[in-house]
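Peer 1:
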DNA sequence: CGCGCAAACAACCATAGGGTTGTACAAGCT
DNA sequence: AGCTTGTACAACCCTATGGTTGTTTGCGCG
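Residue numbers (our numbering), protein chains in the order written: chain D, 781 to 899; chain U, 781 to 899.
1) Residue range of the alpha helix (DSSP H) that residue 792 of chain D falls in?
2) In the DSSP assignment, what are the bridge partners of residue 866 of chain U?
3) Of all the CB atoms in chain D, is at least one closer than 8 angstroms to the CB of residue 786 of chain U?
4) Residue range of the alpha helix (DSSP H) that residue 840 of chain U falls in?
5) Thinking C-alpha only, which one of U:861, U:807, U:799 and U:844 is nearest residue 822 of chain U?
6) Since residue 853 of chain U sits in a beta bridge, which residues does DSSP pair it with?
7) Could you spell out the range, first to last residue, of the alpha helix (DSSP H) harbouring residue 822 of chain D?
8) Let's test the definition: count the other Cβ atoms within 10 Å of the Cβ of residue 735 of chain U and tell me whether it reaches 16, buried, or not, exposed.
9) Beta-carbon separation of residue 804 of chain U and residue 832 of chain U under 8 angstroms?
10) Would the beta-carbon of residue 867 of chain D fall within 8 angstroms of that of residue 853 of chain U?
11) How would you label residue 797 of chain D, buried or exposed, when you count the other beta carbons within 10 angstroms and need 16 or more for buried?
12) Hey, could you find the ends of the alpha helix (DSSP H) residue 802 of chain D is sitting in?
13) Quick check: what's the CA-CA separation for residue 811 of chain U versus residue 869 of chain U?
14) Name the DSSP beta bridge partners of residue 861 of chain U, please?
15) So, is the C-beta of residue 795 of chain D closer than 8 angstroms to a C-beta in chain U?
16) Taking 8 angstroms as the threshold (beta carbon to beta carbon), is residue 829 of chain D in contact with chain U?
17) Can you find a C-beta in chain D that's less than 8 angstroms from the C-beta of residue 805 of chain U?
18) Counting only the same chain and skipping the five closest in sequence on each side, list residues whose C-beta sits under 6 angstroms from that of residue 793 of chain U.
19) Can you list, in chain order, the residues of its chain with a C-beta nearer than 6 angstroms to that of residue 818 of chain D? Leave out the 5 residues immediately preceding and following it.
Next comes the structure, spelled out in structure tokens:
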């Protein structure tokens with residue numbers, strides 16, 4: 781409905797889709813072409829293309845125009861916006877619940893040892 | 781399209797709306813009734829009610845059934861899921877870009893001093 | 001008891017989102 | 001030159017979303 785959507789909304793709604801999150805995960809391990817990305821997903825190349833466009837619009841990825849194959853690379857910058865927003869507001873709850881540090885510490889600890897146990 | 785949407789998607793898509801984020805911000809400062817929440821938003825109470833239902837479905841808020849007024853309270857638990865996912869994956873980029881700690885440190889620092897300068 | 005208010009429910013509308021098929025186009029191979 | 005491959009574009013379908021108005025319902029109160 782919003783004609784021009786704000787950055788944050790774009791990022792969050794880009795992340796709100798399992799397929800796109802999976803694409804990001806995949807992309808985190810290196811560039812990939814559209815078809816490579818499409819392969820594991822039981823959906824057409826066109827659908828993946830659309831997802832990529834969404835991710836691009838949210839500036840979560842960028843694409844190097846390489847003639848035939850058009851590999852995608854990640855752009856972490858804009859994830860910061862999202863994580864920043866959450867962190868900033870989590871802080872308020874945390875203050876109330878008095879467990880800011882527990883949580884963030886746990887997060888950081890988790891990052892160190894496990895690569896992604898959840899899910 | 782997904783009949784039963786996964787937690788993470790629910791959370792992210794709940795956050796993907798400026799109105800709902802504003803509601804959360806507002807709610808972070810304490811409980812509020814539906815009408816109180818609706819007031820600043822130039823939209824009907826019913827619309828806000830819908831937004832609240834979305835937030836509820838994502839377990840970002842819960843509502844204490846208090847007869848006439850039905851105030852909303854926050855539930856930070858599920859924000860952790862979201863922030864956890866991002867953090868976990870940001871780590872991968874960060875590893876590549878070699879600035880994990882800078883960013884997380886900056887985030888934590890930012891949390892301490894500023895309440896929400898950004899935007 | 002009846003009024004009034006807070007919130008939800010219901011029906012409806014318009015648009016966006018995720019998917020499909022079918023087609024076009026641009027580069028590389030032979 | 002002509003086929004094949006990788007990707008994008010277009011049109012279309014269905015469902016979800018964000019909003020509206022209009023109508024309950026449920027409580028508190030004079």
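Each residue gets a CB set at the ideal place from its N, CA and C atoms; glycine is no exception.
Peer 2: Quick look at the numbers:
1) Walking along the first chain from the start, residue 792 of chain D turns up at place 12. Residue 792 of chain D -> alpha helix (DSSP H) spans 787 to 795.
2) As a position in the second chain, residue 866 of chain U is number 86, starting the count at 1. DSSP output for residue 866 of chain U lists no bridge partner at all.
3) Within the second chain, the letter at position 6 stands for residue 786 of chain U. Flagged as an interface residue toward chain D: residue 786 of chain U, by a C-beta distance shorter than 8 angstroms.
4) On the second chain, position 60 is the one that residue 840 of chain U refers to. Careful: residue 840 of chain U lies outside any alpha helix (DSSP H) and carries neither H nor E.
5) Here residue 822 of chain U refers to the residue found at position 42 when the second chain is read from its first residue. The shortest C-alpha separation from residue 822 of chain U is found at U:799.
6) Taking the first residue of the second chain as position 1, residue 853 of chain U is located at position 73. According to DSSP, which records beta bridges pairwise, residue 853 of chain U is partnered with U:842.
7) Looking up residue 822 of chain D in the first chain gives position 42. Neither: residue 822 of chain D is in no alpha helix (DSSP H) and is coded neither H nor E.
8) Residue 735 of chain U falls outside the range modelled here, since chain U spans only 781 to 899, and no answer is possible.
9) For the purposes of this step, residue 804 of chain U is taken as residue 24 along the second chain, with counting starting at 1. For the purposes of this step, residue 832 of chain U is taken as residue 52 along the second chain, with counting starting at 1. Cβ distance not < 8 angstroms, so residue 804 of chain U and residue 832 of chain U don't count as in contact.
10) Stepping through the first chain from its first residue, residue 867 of chain D is reached at position 87. Stepping through the second chain from its first residue, residue 853 of chain U is reached at position 73. Contact: no.
11) As a working note, residue 797 of chain D is residue 17 in the first chain. In this structure residue 797 of chain D is buried. Its beta-carbon is surrounded by 16 or more other beta-carbon atoms within 10 angstroms.
12) Within the first chain, residue 802 of chain D is the residue found at index 22, counting from 1. Element bounds for residue 802 of chain D: 798 to 808.
13) Residue numbering aside, residue 811 of chain U sits at position 31 when the second chain is read from its first letter. Residue numbering aside, residue 869 of chain U sits at position 89 when the second chain is read from its first letter. C-alpha separation (whole angstroms): 33 angstroms.
14) Indexing the second chain from 1 puts residue 861 of chain U at position 81. In DSSP, residue 861 of chain U forms no bridge with anything.
15) By 1-based counting over the first chain, the position of residue 795 of chain D is 15. So yes, residue 795 of chain D belongs to the interface.
16) The residue labelled residue 829 of chain D in the question sits at position 49 within the first chain. Cβ-Cβ to chain U under 8 angstroms: no for residue 829 of chain D.
17) Taking the second chain and counting its residues from 1, one reaches residue 805 of chain U at position 25. Chain D contact via Cβ: present.
18) By one-based count along the second chain, residue 793 of chain U stands at place 13. Closer than 6 angstroms at Cβ, skipping near neighbours: no residue.
19) The residue given as residue 818 of chain D occupies position 38 in the first chain. If we look at residue 818 of chain D and ignore the five residues flanking it on each side, its Cβ neighbours are 825 and 828.
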